[in-house]
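Data first, discussion second: the structure below is written as structure tokens.
Residue numbers (my numbering): 244 to 837.
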């Protein structure tokens, strides 16, 4: 049937007496056979169409004389596609205004097969119309925006191919202005799909003058931060990829704008595969600029990125997209963040004040904690972080260790304590630095040992132990007393890890007191501590018994006779007196060696 229809239409277009009046009705029917499933039908349609074009060319030779003599082939044309003859192109161009409205209506028809056929025909018509497409751009773009959201993938594929032809044949001054003006409203994913296709279809040298405008448009908050929908972000990513593929080294002039877009895409809570694609795209952007890796892109733009992300940091809430963008910049840039500490610390100081949104502070503390765990590879990669330590501790950590009601406040204290522990653990906080900050921090850290969170209690115990080791000999009587009473409570903790950490901290406490001037004033406290520790020496957990034994061995140096009396008073009550006997033996050996 389709073969017969093609033959009849072909014959009419060649021989029908009044055929000029029916061109706009018959041409779509014949060109529709170009995409027929049967190759014979396609070949037949092309044969007729070439004859029709040549016939019309001869009949209108006078009109076409200039075009026949001076016409120049387009410099950019679809690969592997034969350009239709002049007569065929002119026939379509002169009838396009009559064909296009009905065709655009059919592309959005409710019948799937109609939409597919109409989208195939659209591509064929635009291939013939070439630069005559320009006068129909508004109608075409409206149709493509709608059709590119079609559920049927064939419709989308054909419309994208048609949009690529716009890039080939229409001046970017016209096409890009019309497409980017649609971004001023609410940009849809389909708008970006069409822009991507136009970019892919455009020659590099023609796009070059428009690169800055394109980069600025894509990096506008209203475009790149419009949606967290994965499909929208995917289209945005494909658009950046198209720019890099087509413009190559010319992308250097919009490298910063493209980095803003890529950071924004990576910052949305989306699927892992999209993040991997973003990283690949960053690597491509680095490659066209002859950089070794995307880290060098961060190196070039880190200060600009920090300034961009921090413009409104004083007004951030937990919903601000800039927090996630800062997370990406700080954690994805690896060692490069160490070159932008001034900006980074300024953002943290501004946003981590106790009067700011608690959820936002929690997010930022999580980022800081993550960086401090690998400080030498991140914030301290340039060895500059120690010069910011005082600011970090006094202006950021200390205010957030203050107790406030609520789960979020408790989580903030946990992350603040973990940041402090990370500073100590990576040995960035030297004994000299600890001495400077101990008075401001010690009360909060001691209070943190009573938190609901096991991890907070554990880290607080460890931090107190380090503080004692670093500057415990400078403690006065009150500081020694406050410290041991709180640490001692942790020996009754529900967590075995916390109890072991508390025992280790008490060992440091005894070491400090041994060389302190307040030792004699502390005798009654030491006696009480001996009594409490001897109770824990009979703990059901053998690990705790061993840890407490080590504490008492260290503490026995202070008042050995007093400790012996205490042991002798309780040894008969212990289920496992072996530890008491070991302790007595240790004291006796120490006395003899002395």
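Backbone N, C-alpha and C fix where the C-beta goes; we use that ideal spot for every residue, glycine too.
Query, Result
"Per-residue burial, residue 284 [other beta carbons within 10 Å of its own, 16 or more giving buried]", "buried"
"Best match in 651, 636, 346 and 811 for proximity to residue 676 [C-alpha to C-alpha]", "636"
"Three-way DSSP call (helix, strand, coil) for residue 752 in this model", "helix"
"Under 7 angstroms between C-beta atoms of residue 545 and residue 583", "yes"
"Classification of residue 431 by the beta-carbon crowding that lies within 10 angstroms, buried from 16 upward", "buried"
"When 513, 780, 440 and 784 are compared against residue 795, the one with the closest alpha-carbon", "780"
"Euclidean distance between Cα positions of residue 241 and residue 613", "Residue 241 cannot be examined here, being either before or after the span of the chain that is shown, 244 to 837."
"First through last residue of the alpha helix (DSSP H) which encompasses residue 655", "650-668"
"Alpha carbon of residue 294 to alpha carbon of residue 257, nearest angstrom", "8 angstroms"
"Neighbour-count burial assignment, residue 626, 16 or more Cβ in a 10 Å radius", "exposed"
"Cβ-based burial, residue 427 [other Cβ within 10 Å; buried from 16]", "exposed"
"Three-way DSSP call (helix, strand, coil) for residue 530 in this model", "helix"
"Distance between beta carbons of residue 702 and residue 883, contact taken as under 8 angstroms", "Residue 883 is absent from the model: the chain starts at 244 and stops at 837."
"Which of helix, strand or coil DSSP assigns to residue 325", "coil"
"Among 374, 393, 485 and 340, the one whose alpha carbon lies nearest that of residue 362", "393"
"DSSP three-state assignment for residue 361, whether helix, strand or coil", "helix"
"Cα-Cα separation between residue 595 and residue 699, rounded to whole angstroms", "19 angstroms"
"Unbroken stretches of the alpha helix (DSSP H), 4 residues or longer, contained in the region 443-481", "447-450, 454-461 and 464-467"
"Completely contained alpha helix (DSSP H) runs for the region 750-828, where each covers 4 or more residues", "766-779, 785-798 and 803-813"
"Residue 319, DSSP secondary structure in three states", "coil"
"Residue 737 versus residue 436: straight-line alpha-carbon distance, rounded", "58 angstroms"
"Contacting residues, own chain, Cβ-Cβ under 6 angstroms from residue 471 (five flanking each side not counted)", "511"
"C-beta atoms of residue 458 and residue 497 nearer than 7 angstroms", "yes"
"Whole-angstrom distance between residue 678 and residue 631, CA atom to CA atom", "16 angstroms"
"Cβ neighbour criterion (16 or more within 10 Å) applied to residue 281", "exposed"
"Own chain, CB closer than 7 angstroms to residue 266, minus 5 neighbours either side, in chain order", "334 and 338"
"Residue environment, residue 650, which counts as buried when at least 16 other CB atoms sit within 10 Å", "exposed"
"C-alpha gap between residue 784 and residue 742, whole angstroms", "11 angstroms"
"Inter-residue spacing [alpha-carbon to alpha-carbon] between residue 531 and residue 508", "21 angstroms"
"Same chain, Cβ closer than 7 angstroms to residue 310, five either side skipped, listed in chain order", "329"
"Residue 546, enclosing alpha helix (DSSP H) - first and last residue", "537-552"
"N- and C-terminal bounds of the alpha helix (DSSP H) containing residue 686", "674-691"
"Exposure label - residue 836; buried when at least 16 CB within 10 Å", "exposed"
"Cβ neighbours of residue 534 in the same chain (closer than 7 angstroms, five flanking residues each side left out)", "540"
"Of the listed residues 706, 358, 342 and 388, nearest to residue 372 (C-alpha basis)", "342"
"Local Cβ density within 10 Å of residue 581, reported as buried at 16 or more and exposed below that", "buried"
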